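Student: Take the position in the sequence shown, starting the count at 1, then add 8; the result is the number in my numbering. Before anything else, here's the structure in question.
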Amino acid sequence: MLPTNATEADYAIIKNRFDNDWSKRFPWQRLHRMKNGRPALKTRLLAAKDKLLAGKDKLLAAKDKLLAAKDAAAAVPKLSIINLVISTLIDVTLVAHVVEHAKLCIKAC
């Protein structure tokens with residue numbers, strides 16, 4: 009509180025300080041604007057989430073391929089195993105690219 013002997017200039021200084029620093033006065037209003045005022049942000053986040061889920065599915069498929077290669081290692085010639093591992097590594101690289109793209113989308117939001 010201001011002392012009782014405060015002048016109009018003191019009140020003006022305090023009023024300007026509050027007017028210029030609106031987000032610190034009422035931070036929930038800033039959050040409200042961010043949530044409701046930017047629907048594109050929500051759309052981009054949902055798209056990034058979908059890409060991450062698709063990447064997760066690809067990664068699980070690659071894991072299944074590696075497990076199948078491990079189980080069939082005794083019966084399959086070495087070249088087939090190498091080809092399977094290479095294709096699986098390509099799948100994992102694609103998943104890593106999808107995850108990196110989703111991270112960039114989230115950072116851009």
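Just so it is clear, CB atoms sit at the ideal spot from N, CA and C, and this is done for glycine as well. Predicted, not measured: the structure shown is a model, and the values here were computed from it.
Going by beta-carbon coordinates alone, are Lys-66 and Val-103 separated by less than 7 Å?
Tutor: Cβ atoms of Lys-66 and Val-103: closer than 7 Å.
Student: For Ala-55, is the classification buried or exposed, using 16 other Cβ atoms within 10 angstroms of its Cβ as the cut-off for buried?
Tutor: With fewer than 16 other Cβ atoms within 10 Å, it is exposed.
Student: Are there 16 or more other CB atoms within 10 angstroms of the CB of Ala-76, so buried, or fewer, so exposed?
Tutor: exposed
Student: Under 7 Å between the Cβ atoms of Lys-73 and Thr-96?
Tutor: yes
Student: Short of 7 Å in beta carbon distance, which residues of its chain neighbour Lys-59, apart from the five on each side in sequence? Order them along the chain.
Tutor: Val-106, His-109 and Ala-110, listed in sequence order.
Student: Would you mind sorting Ala-69 into buried or exposed? The rule is 16 or more other CB atoms within 10 Å of its CB.
Tutor: exposed
Student: Would you tell me roughly how many angstroms separate the C-alpha atoms of Thr-158 and Gly-63, rounded to the nearest one?
Tutor: An answer regarding residue 158 cannot be provided, because it is not within the stretch 9 to 117 covered by the chain.
Student: Alpha carbon to alpha carbon, how far is Leu-61 from Ile-98?
Tutor: 18 Å
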